[in-house]
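Asker: Got a structure for you, questions after.
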Amino acid sequence: MTNFPYRRALIATAVVAAVAGCSSKVYQPISQGPDTSGPMIKAPKTWTLVWNDEFSGAAIDKSKWSHEENCYGGGNAERQCYTDRDVNSFVEDGKLHIVARDFQFTGPSDPEGKSRRKATLPYTSARLRTMNKGDWQYGRFEVRAKLPFGQGTWPAIWMLPTDYVYGGWAASGEIDIVEAVNLKTPTDELGAEPGKEEARIHGTLHYGREWPDNVSTAAEYHLPDHVNPADGFHTYAIEWEKNEMRWYIDDIHYATQRSDGWFSQYKEGGKIVTGEEDAPFNQRFHMILNLAIGGSWAANANEGGIDDSIFPQTMEVDYVRVYECAKDPVNGKGCATVSEDAKFVAGTPAPEIIIPGPDYATGPEFLLYGDSLDKHLRSKEYDPQFKVYVETKQAEGRGDILAIKKTGDIGNFYFESPEVNMGEWMSGGDIVFDLLVEEKDPAANLMLKVDSGWPAASDVDVEIPPLGQWREVRINFADLINNGNRFAPGAKANVEGLKNIFVIEPTGPMVLYIDNIRYEK
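The opening residue of the sequence shown carries number -14 in the working numbering; numbering runs sequentially from there.
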């Protein structure tokens, strides 16, 4: 539901246990076919209508849609509870209305809405999906809709995998047909004239490995003549065929991405492997319609936060139509509507999987970062607020050092490793690094962590040296592990399967530099 990594941390709850069972089987939609009771629908040339909802009845068709009911926050710190109440979603005048309201609500805190643990959030909205009622592999997916506006709004028309064949989000993929945030507020687009309205729409693919090691690539688009998507209805579509995805608005083809720019990497037999050439977008997906409020994208863009004066806000949907390519239903090929003016999205090819040798991560010294990063590691940020900035700088007498600036209260910087047994460091091993803190919020502290995937994490406080002075920091590895996870009592990192072997986390705004990061005996 977004066009940047880490803006959604959806946790898949329908992961297929045996990834070895991946296949390219062509799935047919689980439905009774297209609705022909309404007005005549003219299919695009060479496409055959196989499923649709014209919202011509008196209520939401439960044979086609299911409500998701939870106060989970979408995995992105969104501020709405999703309900099935008529005030949040209904059919009227031949259109589906999804309405976000300024109304406090309490409900289950898990995405599937089954947890006994409750959460209370200040807004309500609706999220509908076709899962197990309409599921497709390849085709043209077309939705005519009018989007809401105002600071804090985040409408989305998108698709998720039904079977999660390649593992949890986003190893099994996500297709965003269209998203927008904060329409009609002052835009924060780079280079825009002051006072210009936010009017961008976004089409995105999410793929790669399971969160937080996923990636995404996207294209944005402006309607001609400065038209704002919140001012009227527009037709949003994708054409999805084997090895290619194309995005459209009002039949204007504005972006294309191909399978050499996406990938899926997942665990098979305990090892990370790369999926087939077109994975993960070679399995069946279902449609989702929702209106989120706030969250890691909308609340941190444009004017920031949520404007309570705008409510209620509505996403109106005139119809949803799904077409099959009559020329090649198996692969979806031969029906493309292509413009030479469309942007080509290069995407992200699959990274090389480096298998460590037997000496990897062994003593007496394991250097993570000196003037460069160990070839087995990847440096990454967990940054849901987009307030963590990391770069390499030159320092006199030191060469390259890592500079980290954090301006919010959530987020960290870490080194990701292939899963590794670090048990030998439990006896006399230390994590050692040089630290200089240039400035900090008076209330901010500094934590060092390692983890095997949340909540299997351990953390410890780092003593902050006087500002502007380099100090060597030495943390006993066994003490760190046994300290456990302060945010999940009873949990701790598994030393036999560590994934993130160095995590540095300021608890508030801070500018710091680190160098010579290593394990040492």
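Note that the Cβ used here is the ideal one computed from N, Cα and C, for glycine as well.
What does a CB cutoff of less than 7 Å around residue 471 pick up in its chain, not counting 5 residues either side in sequence?
Answerer: Mapped onto the sequence shown, residue 471 falls at position 486. Closer than 7 Å at the Cβ level, and outside the excluded window around residue 471, lie 444.
Asker: Any contact of the region 290 to 310 with the region 117 to 130, i.e. 3+ C-beta pairs under 8 Å?
Answerer: The region 290 to 310 is in contact with the region 117 to 130.
Asker: Using 8 Å as the threshold, is the C-beta distance between residue 501 and residue 418 below it?
Answerer: Here residue 501 refers to the residue found at position 516 of the sequence shown. Here residue 418 refers to the residue found at position 433 of the sequence shown. Yes; because the gap between Cβ atoms is below 8 Å, this pair is in contact.
Asker: Starting from residue 501, trace the beta strand (DSSP E) both ways and give me its first and last residue.
Answerer: Within the sequence shown, residue 501 is the residue found at index 516, counting from 1. Here the beta strand (DSSP E) through residue 501 covers 495 to 505.
Asker: Who pairs with residue 304 in a beta bridge, going by DSSP?
Answerer: Numbered from its first residue, the sequence shown carries residue 304 at position 319. DSSP output for residue 304 lists 129 as bridge partner(s).
Asker: Which residue comes first and which comes last in the alpha helix (DSSP H) that contains residue 280?
Answerer: Taking the first residue of the sequence shown as position 1, residue 280 is located at position 295. Run containing residue 280: 280 to 283, per the alpha helix (DSSP H) assignment.
Asker: Out of 494, 75, 81, point me to the one whose CA is closest to residue 390's CA.
Answerer: Counted from its first residue, the sequence shown places residue 390 at position 405. For residue 390, the nearest C-alpha among the options comes from 494.
Asker: How would you write the range of the alpha helix (DSSP H) that residue 462 sits in, first residue to last?
Answerer: Walking along the sequence shown from the start, residue 462 turns up at place 477. Where residue 462 is concerned, the enclosing alpha helix (DSSP H) stretches over 462 to 468.
Asker: Let's see if you can read the secondary structure: which residues bound the beta strand (DSSP E) around residue 223?
Answerer: Numbered from its first residue, the sequence shown carries residue 223 at position 238. Here the beta strand (DSSP E) through residue 223 covers 219 to 226.
Asker: Please check the pair residue 141 and residue 52, which I expect to be a contact at CB under 8 Å, by giving their CB distance rounded to whole angstroms.
Answerer: Numbered from 1 along the sequence shown, position 156 holds the residue referred to as residue 141. Numbered from 1 along the sequence shown, position 67 holds the residue referred to as residue 52. Between residue 52 and residue 141 the Cβ distance is about 16 Å, and since that is not below 8 Å, they are no contact.
Asker: Compute the distance between the beta-carbons of residue 215 and residue 169, then report whether it is under 8 Å.
Answerer: As a working note, residue 215 is residue 230 in the sequence shown. As a working note, residue 169 is residue 184 in the sequence shown. Contact: yes.
Asker: Does the Cβ-Cβ distance between residue 107 and residue 57 come in under 8 Å?
Answerer: Locating residue 107 in the sequence shown gives position 122, counting from the first residue. Locating residue 57 in the sequence shown gives position 72, counting from the first residue. Contact flag unset, no.
Asker: Taking its Cβ as the centre, do 16 or more other Cβ atoms sit within 10 Å of residue 211, making it buried, or is it exposed?
Answerer: Within the sequence shown, numbered from 1, the residue matching residue 211 stands at position 226. Label assigned to residue 211: exposed.
Asker: Enumerated in chain order, which unbroken segments of the alpha helix (DSSP H) with a length of 4 residues or greater are wholly contained in the region 38 to 102?
Answerer: For the region 38 to 102, not a single whole alpha helix (DSSP H) run of length 4 or above is found.
Asker: Do residue 441 and residue 478 have their CB atoms nearer than 8 Å?
Answerer: The residue given as residue 441 occupies position 456 in the sequence shown. The residue given as residue 478 occupies position 493 in the sequence shown. Cβ atoms of residue 441 and residue 478: closer than 8 Å.
Asker: Check the DSSP bridge columns for residue 201 and list the partner residues they point to.
Answerer: For the purposes of this step, residue 201 is taken as residue 216 along the sequence shown, with counting starting at 1. DSSP lists 191 as partners of residue 201.
Asker: Does DSSP classify residue 414 as helix, strand or coil?
Answerer: On the sequence shown, residue 414 is found 429 positions in, with the first residue counted as 1. In the structure shown, residue 414 sits in coil (DSSP, three-state: anything other than H, G, I, E or B).
Asker: Report yes if the CB atom of residue 86 is closer than 8 Å to the CB atom of residue 76, and no otherwise.
Answerer: The residue given as residue 86 occupies position 101 in the sequence shown. The residue given as residue 76 occupies position 91 in the sequence shown. It is not a contact, given that the beta carbons lie outside the stated cut-off.
Asker: What does a CB cutoff of less than 6 Å around residue 62 pick up in its chain, not counting 5 residues either side in sequence?
Answerer: Translated into the one-based positions of the sequence shown, residue 62 becomes position 77. Once the five neighbours on either side are set aside, the close Cβ partners of residue 62 are 280, 281.
Asker: What's the C-alpha gap between residue 503 and residue 275?
Answerer: On the sequence shown, residue 503 is found 518 positions in, with the first residue counted as 1. On the sequence shown, residue 275 is found 290 positions in, with the first residue counted as 1. Between residue 503 and residue 275, the C-alpha separation is close to 46 Å.
Asker: In whole angstroms, what separates the C-alpha of residue 446 from that of residue 375?
Answerer: Taking the first residue of the sequence shown as position 1, residue 446 is located at position 461. Taking the first residue of the sequence shown as position 1, residue 375 is located at position 390. Rounded to whole angstroms, residue 446 to residue 375 spans 21 Å at the Cα level.
Asker: Does the beta-carbon of residue 382 have 16 or more other beta-carbons within 10 angstroms, so that it is buried, or is it exposed?
Answerer: In the sequence shown, counting from the first residue as 1, residue 382 sits at position 397. Exposed, by the Cβ-count rule.
Asker: If you compare alpha carbons, which of 223, 191, 92, 47 is closest to residue 29?
Answerer: Translated into positions along the sequence shown, residue 29 becomes position 44. Measuring from the Cα of residue 29, the nearest candidate turns out to be 223.
Asker: Could you check which residue in 178, 317, 278, 339 has the C-alpha nearest to that of residue 134?
Answerer: Taking the first residue of the sequence shown as 1, we reach residue 134 at position 149. Residue 278 is the option with its Cα nearest to residue 134.
Asker: From residue 483 to residue 272, what does the alpha carbon distance come to, in whole angstroms?
Answerer: On the sequence shown, residue 483 is found 498 positions in, with the first residue counted as 1. On the sequence shown, residue 272 is found 287 positions in, with the first residue counted as 1. Approximately 36 Å between the Cα atoms of the pair.
Asker: Do residue 489 and residue 435 come within 8 Å of each other at the CB atom, strictly closer than that value?
Answerer: Your numbering for residue 435 matches position 450 in the sequence shown. Your numbering for residue 489 matches position 504 in the sequence shown. Taking 8 Å as the Cβ cut-off, residue 435 and residue 489 do not qualify as a contacting pair.
Asker: Tell whether a beta-carbon distance below 8 Å holds between residue 410 and residue 462.
Answerer: By one-based count along the sequence shown, residue 410 stands at place 425. By one-based count along the sequence shown, residue 462 stands at place 477. Yes, the Cβ-Cβ distance between residue 410 and residue 462 is below 8 Å.
Asker: Ends of the beta strand (DSSP E) at residue 487?
Answerer: One-based indexing of the sequence shown puts residue 487 at position 502. Run containing residue 487: 483 to 491, per the beta strand (DSSP E) assignment.
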